[in-house]
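Engineer: Those letters in the sequence shown? Residues 300 to 480, by this note's numbering. The beta carbon of each residue, even a glycine, is placed where N, CA and C say it ideally should be. Just so it is clear, the structure is predicted and the values come from calculations on it, not from any experiment.
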Amino acid sequence: MPTPSTAALTSHRTPLGSLTLAATDDALVLCAFDDHEQAVARLMRGGLTAVDADAATPAQQRIIEEARRQLDTYLEGGSRAFTVRMDLRLATPFSRTTVERLDELLPYGATGTYAELATALGRPRAARAVGTALGANPLCVVLPCHRVVGSGGRLTGYAGGVVAKRFLLDLESGRTPSASL
Numbered sequence: 300m301p302t303p304s305t306a307a308l309t310s311h312r313t314p315l316g317s318l319t320l321a322a323t324d325d326a327l328v329l330c331a332f333d334d335h336e337q338a339v340a341r342l343m344r345g346g347l348t349a350v351d352a353d354a355a356t357p358a359q360q361r362i363i364e365e366a367r368r369q370l371d372t373y374l375e376g377g378s379r380a381f382t383v384r385m386d387l388r389l390a391t392p393f394s395r396t397t398v399e400r401l402d403e404l405l406p407y408g409a410t411g412t413y414a415e416l417a418t419a420l421g422r423p424r425a426a427r428a429v430g431t432a433l434g435a436n437p438l439c440v441v442l443p444c445h446r447v448v449g450s451g452g453r454l455t456g457y458a459g460g461v462v463a464k465r466f467l468l469d470l471e472s473g474r475t476p477s478a479s480l
């Protein structure tokens, strides 16, 4: 029987490729382009033990299914926000501060540079640190690190790759994204 320190781990196919999802009884803790081994290691660093989705508690199953539904709806252009409960325990303190404010600072359809985000966070000289923090975002897509671009609008540094980043930016700007990656 899973304990409160477990997270159910599963894979979810999307037009972006496979996303790894993990949920505790309370919240979604991971939505990432990580493979299984990377996800297990990340969960362990966060003090959680991974269990397969077939061993998930009913609460973990509900959160995973809600995350799947919201991801699919979002990626089909049917919603602009995620309401699934989220827990950023897998993020460093600076990464947590950075990704928690993404929706506020860069709403749906907007983009900004790493330098602009660093300035908005009160750390104008920390553009590289912002990039590192976004690279460690444990809730990709759900917390929109894809909205941050390089200087001059250059697409750089996304865990799912530049093609996935372009897909998400096209989706949010109203352009038709490529059908699949």
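Here's the rule I'm using: 16 or more other beta-carbon atoms within 10 Å means buried, otherwise exposed. How should M343 be labelled?
Structural biologist: One-based indexing of the sequence shown puts residue 343 at position 44. Exposure of M343 is indicated by the presence of fewer than 16 other C-beta atoms within 10 angstroms of its C-beta.
Engineer: Round the Cβ separation of L327 and V383 to the nearest angstrom and send it over; I've been treating them as touching at under 8 Å.
Structural biologist: Taking the first residue of the sequence shown as 1, we reach residue 327 at position 28. Taking the first residue of the sequence shown as 1, we reach residue 383 at position 84. Contact holds; Cβ gap of about 5 Å.
Engineer: Should the region 347 to 361 be called in touch with the region 399 to 407, which here means at least 3 C-beta pairs below 8 Å?
Structural biologist: no
Engineer: State the start and end residues of the unbroken beta strand (DSSP E) segment that holds D351.
Structural biologist: Start at 1 with the first residue of the sequence shown, and residue 351 comes out as number 52. It spans 348 to 351 - the beta strand (DSSP E) in which D351 sits, taken as one unbroken run.
Engineer: Should V398 and L454 be called a contact, given that it needs their Cβ atoms to be closer than 8 Å?
Structural biologist: Locating residue 398 in the sequence shown gives position 99, where the first residue counts as 1. Locating residue 454 in the sequence shown gives position 155, where the first residue counts as 1. Against a cut-off of 8 Å, the Cβ pair of L454 and V398 comes out as no contact.
Engineer: With DSSP collapsed to three states, give me the class of D469.
Structural biologist: If you number the sequence shown from 1, residue 469 lands on position 170. Note: D469 maps to helix in three-state DSSP.
Engineer: Which residue from H335, A306, T305, L470 puts its Cα closest to that of T319?
Structural biologist: Locating residue 319 in the sequence shown gives position 20, counting from the first residue. Of the listed residues, the one whose Cα sits closest to T319 is H335.
Engineer: What separation, rounded to the nearest whole angstrom, lies between the Cα atoms of G456 and A366?
Structural biologist: In the sequence shown, residue 456 corresponds to position 157, counting from 1. In the sequence shown, residue 366 corresponds to position 67, counting from 1. The straight-line gap from Cα to Cα measures roughly 24 Å.
Engineer: Where does the unbroken alpha helix (DSSP H) through R341 begin, and where does it stop?
Structural biologist: Here residue 341 is taken as the residue at index 42 of the sequence shown, counted from 1. Looking at the DSSP string, the run of the alpha helix (DSSP H) that includes R341 is 335 to 344.
Engineer: If you reduce the DSSP assignment to three classes, tell me which class S310 lands in.
Structural biologist: The residue given as residue 310 occupies position 11 in the sequence shown. Three-state result, S310: strand.
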